[in-house]
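> Numbering (our numbering), first residue to last: 30 to 315.
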């Protein structure tokens, strides 16, 4: 059974990252503009003057942090951040959303409209100092993750209810050819959100609105689903001992006061021990 890992409710919990060098989970509350973590029983957070949503680890004390205006080096000891590259800094409509480091030391990051404006967002890759747009006309960027054999990337625009798969160049990690539909959730009426791939290549996808993370094989076959005590499950991450614990963020966005009163754990961050076998998050090379 899943348990509450952290009881601070997020308006929009997102971007959980298990830092392998620190053995520590980091995550975001996008709408409240904060980065969150725990050290034992101590609850820690950093507040920003703009939306922050996703991160990758550079070294023990440094994250690459995605905000609505850029990618930043963020020092966990000092709280200092330094701009690495602008990200749609001249577009006040958009903010960053889902993102993850790739196996080559790059970082994929999606953007979206702050009010989910249709087609306002894009998906980018940052690698070796270059930020390149990969996909445009995206409404809600999500599900960015990578197969353990480095063969493909996954991503989605939640509005389409389709998760896509894209072959990657073995040398550079840049996408090759056109992406194809990996999973179509239209018939089931499911909304794919954040996702992570485990060590066996199965993709675990948070499904917004039904309180679960569902696992699918590399061929798109449904394996199982894990339920969490929150309607809007938003993004999973593997961590803990032997990467066997499935963490999951959630959100209160879009819920009524009655919904929250009847299920006060909405927006909290959860943990499910012995859920599977994850792969370690890749290190970003700047």
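Each residue gets a CB set at the ideal place from its N, CA and C atoms; glycine is no exception. If you're wondering where the values come from, they're calculated on a predicted model, not measured in any experiment.
Report the option in 293, 78, 93 and 146 whose CA atom is closest to the CA atom of residue 258.
Locating residue 258 in the chain shown gives position 229, counting from the first residue. For the residues 293, 78, 93 and 146, the minimum Cα distance to residue 258 belongs to 293.
> Would you give the residue range spanned by the beta strand (DSSP E) that residue 74 belongs to?
Position 45 of the chain shown, counted from the first residue, corresponds to residue 74. Where residue 74 is concerned, the enclosing beta strand (DSSP E) stretches over 71-76.
> Leaving out the 5 sequence neighbours to the left and right, which residues in its chain are closer than 6 angstroms to residue 237 when beta-carbon positions are compared?
Your numbering for residue 237 matches position 208 in the chain shown. Contacts found: 220, 222 and 261.
> Restricting to Cα atoms, I'd like to know which of 50, 105, 52 and 42 is closest to residue 60.
As a working note, residue 60 is residue 31 in the chain shown. When each option's Cα is compared against that of residue 60, the closest is 42.
> When you compare each of 242, 95 and 305 to residue 271 by their alpha carbons, which one comes out closest?
Residue 271 sits at position 242 when you count from the first residue of the chain shown. Minimum Cα distance to residue 271 is reached at 305.
> Name, in chain order, the residues that DSSP records as bridge partners for residue 253.
Indexing the chain shown from 1 puts residue 253 at position 224. Answer is 244, bridged to residue 253.
> Identify the residues that DSSP records as bridge partners of residue 113: which are they?
Taking the first residue of the chain shown as position 1, residue 113 is located at position 84. Note: residue 113 sits in no beta bridge, so no partner.
> Give the straight-line distance between the Cα atoms of residue 233 and residue 311, rounded to the nearest whole angstrom.
Sequence index remark: in the chain shown, residue 233 carries index 204 (1-based). Sequence index remark: in the chain shown, residue 311 carries index 282 (1-based). Roughly 17 angstroms separates the two Cα atoms.
> Whole beta strand (DSSP E) runs in the stretch 109-186 with 3 or more residues, listed along the chain?
Listed in chain order, the complete beta strand (DSSP E) runs (minimum 3 residues) inside the stretch 109-186 are 110-115, 123-130, 136-142, 150-156, 159-167, 170-175 and 181-186.
> Should residue 83 be labelled buried (16 or more other beta-carbon atoms within 10 Å of its own) or exposed?
In the chain shown, counting from the first residue as 1, residue 83 sits at position 54. Classification of residue 83: buried, given that the 10 Å Cβ count is 16 or more.
> Could you round the C-beta distance between residue 129 and residue 173 to whole angstroms and report it? I think they count as a contact, below 8 angstroms.
As a working mapping, residue 129 is identified with position 100 in the chain shown. As a working mapping, residue 173 is identified with position 144 in the chain shown. The Cβ separation is near 5 angstroms, so the contact holds.
> Under the DSSP definition of a beta bridge, which residues are partnered with residue 191?
Counting from one through the chain shown, the residue named residue 191 turns up at place 162. Residue 191 is bridged to 186 and 213.
> Within the continuous beta strand (DSSP E) that includes residue 43, where are the two ends?
What you label residue 43 is simply residue 14 of the chain shown in a count that begins at 1. Counting along the chain, the beta strand (DSSP E) containing residue 43 begins and ends at 42-48.
> With distances taken between CB atoms, is the gap from residue 194 to residue 211 smaller than 7 angstroms?
The sequence position of residue 194 within the chain shown is 165, counting from 1. The sequence position of residue 211 within the chain shown is 182, counting from 1. Against a cut-off of 7 angstroms, the Cβ pair of residue 211 and residue 194 comes out as a contact.
> Taking the alpha carbon of residue 182 as the reference point, which residue from 152, 166, 159 and 188 has its own alpha carbon closest?
As a position in the chain shown, residue 182 is number 153, starting the count at 1. Minimum Cα distance to residue 182 is reached at 152.
> So who's on the other strand from residue 39, going by DSSP bridges?
Residue numbering aside, residue 39 sits at position 10 when the chain shown is read from its first letter. Answer is none; residue 39 lacks a bridge partner.
> How many angstroms separate the CA atom of residue 139 from the CA atom of residue 263?
Against the chain shown, residue 139 aligns to sequence position 110. Against the chain shown, residue 263 aligns to sequence position 234. Approximately 15 angstroms between the Cα atoms of the pair.
> Taking 7 angstroms as the limit between beta carbons, can you name the residues of its chain near residue 146, skipping five residues before and five after?
Counting from one through the chain shown, the residue named residue 146 turns up at place 117. Only 122 meet the Cβ criterion.
> So which of 281, 214, 280 and 277 has the shortest CA-CA distance to residue 250?
For this step, residue 250 is matched to residue 221 along the chain shown. Comparing Cα-Cα distances from residue 250 to each of 281, 214, 280 and 277, the minimum goes to 214.
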